[in-house]
Each structure stands twice: as structure tokens, then as C-alpha cells.
Amino acid sequence: MHDDLGVAGMGSEGRWELQLAGGWQLRRDKLPVKVALRQRRLIAALALYGRQSRSFLAGLLWPDSSETQAAGSLRESIFLINKHLPGLLGQTADPLDLASGVIVDVHEVRARAARLQEHPVHHRGVLDLVQNAELLPGWYEDWVVSEQERWQRLRLTVLERLSRQYLDQGDTEQAMEAARAATVIEPLRESAQRLLMQACLAEGNHAEALRLYQSFRIRLRREFGVAPSAIISDLIEPLLMDDARSQRHFG
Numbered sequence: 001m002h003d004d005l006g007v008a009g010m011g012s013e014g015r016w017e018l019q020l021a022g023g024w025q026l027r028r029d030k031l032p033v034k035v036a037l038r039q040r041r042l043i044a045a046l047a048l049y050g051r052q053s054r055s056f057l058a059g060l061l062w063p064d065s066s067e068t069q070a071a072g073s074l075r076e077s078i079f080l081i082n083k084h085l086p087g088l089l090g091q092t093a094d095p096l097d098l099a100s101g102v103i104v105d106v107h108e109v110r111a112r113a114a115r116l117q118e119h120p121v122h123h124r125g126v127l128d129l130v131q132n133a134e135l136l137p138g139w140y141e142d143w144v145v146s147e148q149e150r151w152q153r154l155r156l157t158v159l160e161r162l163s164r165q166y167l168d169q170g171d172t173e174q175a176m177e178a179a180r181a182a183t184v185i186e187p188l189r190e191s192a193q194r195l196l197m198q199a200c201l202a203e204g205n206h207a208e209a210l211r212l213y214q215s216f217r218i219r220l221r222r223e224f225g226v227a228p229s230a231i232i233s234d235l236i237e238p239l240l241m242d243d244a245r246s247q248r249h250f251g
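At position 220 of the sequence shown the residue is numbered 220 (UniProt numbering), and the sequence of numbers has no breaks.
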């Protein structure tokens, strides 16, 4: 067992915090802890999937190994985590789970997103949490990619909800920031583009709203051979008419 967790002899259990969004980071009592890749994968799987059987985790994390080899790799990882990261895993041997006191950032974001839906009062901290928070960037295993896609959908939903709430409260700057972050994640998502244009219009920045529409229209045509929907076209049509009149006048 040569995995170097870098924390041998750390002693008694502490307060564990796990960050998966924006990059892997494990902290104990606010101090970063070095964890080897094999153990990072197991910890991440437990954080994302919750309590799971050993057989599920072995197959998930070592899909190309035999059942016996995968089970052995899992046992080794569990041993090292329990030895060097005391208190991180729950008490049950099978199924496995993280201890109930471990703070996981993606769990916090999901909980705050749920509260945001139930109580439509925006909170700046939520925007900060989701706008630049890719899940485990640089991880490309199939099970991670599927979770990354699910996380992106959550981020888009939260950002659009925030943008609408900011618009309703007249905070066009924050509405624009949230909508723009959503368009960075998914440039051809019409609902996000529409919110961004609405924020520009609410701010009185008609030129930027028109520029955004023209850029979006060109990209849609190039990528899919379609035009923007009537909803978004109707939003911008007065600007297009004004622009056409201006060109005739100065032409």
C-alpha cells in the first residue's frame, strides 16, 4: 500500500470539509489535507452518490478490473482512509458512506438551490457559489462525466432563477451577471440568452441587447439551421425596427 495521503499520524478526528466544485480539496479544521488519487475517487463517489454498497463502488471505480481485484482495491482504499483520515467515513462497513458531519460543498449548493425555489429571495452568496464552479474539472471517467452534466443542469437552473429574481427586484446588474454566467455554461440556451437581453433592456442598453440577439441568431443558424423563437424575436423586434429606420434615415 504505497498511496501517499500525506497525513499519517494526524491523530484525533476533526471537522471535515470536502470541496468538489472548482476542483478537489479536502480540509480538516480548515487546513488542506493531501489525499492520493485512488482515495480521492472513492471519497468523491461517496459524496456524489451517497450511501452505496461495496460491490457498487468497486464496479464503479474499477470497471476494468475483475470483481476480486476491484474488491481488493476498494478494501485497500478504505483501510488507508480510515487509517489516515479518521472520522471521514461512516461507521458501517457495508454499505459505505461519508460520516454525517462531513460538509460537502455540492450538498450545500443543492440545499440552497432548493431553498431558493421555495423562498424566492435572491442571495448573493448563491450566485458566487455556482457561477464559476465546474464539478471536478479535469476528471473524465464516465461516472464523473454524468455527474458533471447533472451539476451543469443544476447550475443553469439556479442561475436563471437568480436572474429572474434580480430582474423582478430591479437589480439589473446582478440579473445580467447571473444570466451571462448561464450563457457561458450553455451559449445556445435560449432562456439564458433571453434573460440576458431582458437585463440589458431593463438597464436601457438597447445596443448591447441588439448585439446579443444578432450574435445569437447567427450562431443558431450556423449550428442548427434555425432561427430564434418568436418569444425572443418579439422581445427584440422593436429594436430591429428602430435600427432599420435609422439605417434608412442615414442611408
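A virtual CB, placed ideally from N, CA and C, is assigned to each residue, including glycine.
Using DSSP bridges, identify the partner residues of Val104.
-> Its beta-bridge partners are Leu18.
What are the start and end residues of each continuous alpha helix (DSSP H) run of 4 or more residues lying completely inside the UniProt domain "Bacterial transcriptional activator" (104 to 240), in chain order?
-> Qualifying alpha helix (DSSP H) stretches, in chain order: 105 to 118, 124 to 131, 142 to 168, 172 to 185, 190 to 203, 206 to 224.
If you pair each beta-carbon of the stretch 67 to 77 with each one of the stretch 14 to 31, do three or more pairs fall below 8 Å?
-> No: fewer than three Cβ pairs fall under 8 Å.
For Leu167, which residues of its own chain have a beta-carbon under 8 Å away from its beta-carbon, when the five flanking residues on both sides are left out?
-> If we look at Leu167 and ignore the five residues flanking it on each side, its Cβ neighbours are Ala175, Leu195, Gln198, Ala199, Ala202.
Looking at the unbroken alpha helix (DSSP H) that takes in residue 270, where does it start and where does it end?
-> Residue 270 cannot be examined here, being either before or after the span of the chain that is shown, 1 to 251.
Distance, Cα to Cα, Ala181 vs Leu42?
-> Between the C-alpha atoms of Ala181 and Leu42 there is a straight-line separation of about 31 Å.
For Val7, which three-state DSSP category applies?
-> With a pLDDT of only 40 at Val7, under the threshold of 50, the placement of this residue in the model should not be trusted, and no figure is reported.
Contact set for Ala71: own chain, Cβ-Cβ below 6 Å, skip 5 residues either direction | For Ala71, same chain residues with a beta-carbon under 6 Å away, outside a window of 5 residues either side, are Ala58 in chain order.
State the beta-bridge partners of Gln25 as determined by DSSP.
-> Paired residue(s): Gln19.
Does the stretch 129 to 148 come within contact of the stretch 93 to 103, defined as at least 3 CB pairs closer than 8 Å?
-> Contact check between the stretch 129 to 148 and the stretch 93 to 103: fewer than three CB pairs, one atom from each, fall below 8 Å, which does not count as touching.
One or two residues paired with Asp52 in a DSSP bridge = Going by the sequence as given, residue 52 is Gln instead of Asp. DSSP lists Leu96 as partners of Gln52.
Range covered by the alpha helix (DSSP H) that runs through Leu80 | Counting along the chain, Leu80 sits inside the alpha helix (DSSP H) bounded by residues 67 to 84.
Three-state secondary structure (DSSP) of Leu57 = In this structure, Leu57 counts as helix in the three-state DSSP scheme.
With a CB to CB cut of under 6 Å and the five nearest residues on each side skipped, what residues in its chain are close to Arg112?
-> These residues qualify, in order along the chain: Val126.
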